[in-house]
Every structure is written in C-alpha cells, then in structure tokens.
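Heads up: the sequence shown begins at 458 in this note's numbering, then just goes up one per residue.
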Amino acid sequence: MEAEKIFIETMKRISFVHDKEKMQKTYDRAVLTLDLHGKSVKESTVLLESYIKRLEDKSVKKIIVITGKGNHSFTVKPVLFDAVDEFLSLQCKKLSINYVKKSGVFEIWKS
458 MEAEKIFIET MKRISFVHDK EKMQKTYDRA VLTLDLHGKS VKESTVLLES YIKRLEDKSV
518 KKIIVITGKG NHSFTVKPVL FDAVDEFLSL QCKKLSINYV KKSGVFEIWK S
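Here it is, written out as structure tokens:
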C-alpha cells in the first residue's frame with residue numbers, strides 16, 4: 458500500500474513516465490532506459506520495480522537504469538547508486554533477473 462501511494466505521488470510530480478522512457482529497437486526486442494537522476498531513493502525503487510515487471514513482456518529485452526556516479530551526493534558514498542545496487546541484488550534471487558553495474562549505470566535482463 459505504501460509503495461502504491463509513493464508511486465502515485467511520483468507519477469503526479471513527473472510529467473509522464475513515457476517522457477522519461479526511451480525505447481530503441483534491438484533486433485525484435487526493446488531496450489528500456491530509466492533515468493533516475495534527481496529522484497529520491499523511494500521514488501527510484503518504485504519506478505525501478507515497475508520497470509522490472511516489464512521484463513515479463515517478451516518484447517522487452519533489457520532495461521538500462523541511469524543513476525549517475527553520485528558526484529552530487531552530499532555523502533561520501535553515492536546514495537542512489539548504492540540503493541539501486543542493493544535493491545537489485547535482493548530482486549535477482551526473487552525474480553530470476555541478472556544485472557551488471559557500470560559507472561553510474563545498471564543493465565538488467567531476465568535470466
């Protein structure tokens with residue numbers, strides 16, 4: 458219920474998810490891009506969860522999640538990058554997904 462409330466509030470604040478979403482054709486499947494710059498950890502988790510569910514759609518091959526390197530973080534460690542990394546490590550076991558992390562970017566695909 459809390460996640461649903463956060464999701465609705467997030468959707469009201471951003472213009473529309475599809476404005477932030479970019480799709481490119483890769484053979485016969487799409488690659489979705491989710492840019493989380495400027496989002497809170499809670500907003501990012503809710504959006505990421507909704508994108509991961511789209512991996513069930515056979516037309517979606519991969520999701521690229523952009524968190525940034527954390528250069529603008531007020532702490533020593535990048536907050537959003539680390540939070541997404543932790544979230545994905547927990548989701549991998551439950552949802553049979555794989556991911557790799559690069560400098561400020563994650564690539565996610567179905568196992």
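Note that CB positions come from ideal geometry on N, CA and C, so glycine has one too.
Integer Cβ distance of residue i from residue j, believed to fall under 8 Å
i             : j           : result
threonine 524 : glycine 561 : 6 Å
With 16 other Cβ atoms within 10 Å as the buried cut-off, status of residue i
i                 : result
glutamate 461     : exposed
valine 557        : exposed
glutamate 500     : buried
leucine 545       : buried
glutamate 543     : exposed
leucine 489       : buried
phenylalanine 473 : Only weak support exists for where phenylalanine 473 lies, its pLDDT of 43 falling under 50; the value from the coordinates is given anyway. The residue is exposed, with fewer than 16 neighbouring Cβ atoms inside 10 Å.
leucine 505       : buried
leucine 547       : exposed
DSSP bridge partner residues for residue i (one or two, in chain order)
i             : result
valine 517    : Ala487
glutamate 564 : Ile521, Val557
aspartate 492 : Ile523
Cβ-Cβ distance between residue i and residue j below 7 Å
i                 : j              : result
leucine 493       : tyrosine 508   : no
valine 503        : isoleucine 463 : yes
isoleucine 520    : isoleucine 565 : yes
alanine 540       : serine 516     : no
leucine 512       : lysine 567     : yes
phenylalanine 563 : valine 536     : no
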